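Report on the structure given below.
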């Protein structure tokens with residue numbers, strides 16, 4: 001399995017755990033930040049800036065919507 005695919009799968013698994021967590025308790029801001037960092041990895045980017053620079057409009061919109069849900073859960 002290529003390294004990028006492994007990283008994306010790992011990021012997906014981390015986000016799945018985060019969304020499972022928010023069903024039963026409020027995450028900390030640090031947990032939300034960590035989850036948001038995993039999000040851009042799902043899209044194959046090295047950073048949020050990388051994703052925003054090379055992503056298309058639909059990917060960027062999806063990224064921003066999910067990121068808002070992640071952050072809102074910790075507020």
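In the UniProt record's numbering, the protein residues as written are 1 to 75. Glycine included, every Cβ here is placed at the ideal spot set by N, Cα and C. All figures in this text were calculated on a predicted structure; none of them were measured in a lab.
Restricting attention to alpha helix (DSSP H) runs no shorter than 4 residues, the segment 1–46 encloses them at 3–21 and 29–42, ordered along the chain.
Spatial neighbours of residue 59 in its own chain (CB-CB distance under 8 Å, excluding positions within 5 residues in sequence) are listed in chain order as 43 and 51.
With contacts defined as CB atoms closer than 8 Å, residue 32 and residue 71 qualify as a contacting pair.
Around the beta carbon of residue 38, 16 or more other beta carbons sit within 10 angstroms, so the residue counts as buried. For residue 56, the secondary structure class from DSSP, reduced to helix, strand or coil, is coil. When rounded, the separation of the alpha-carbon atoms in residue 28 and residue 22 is 10 Å.
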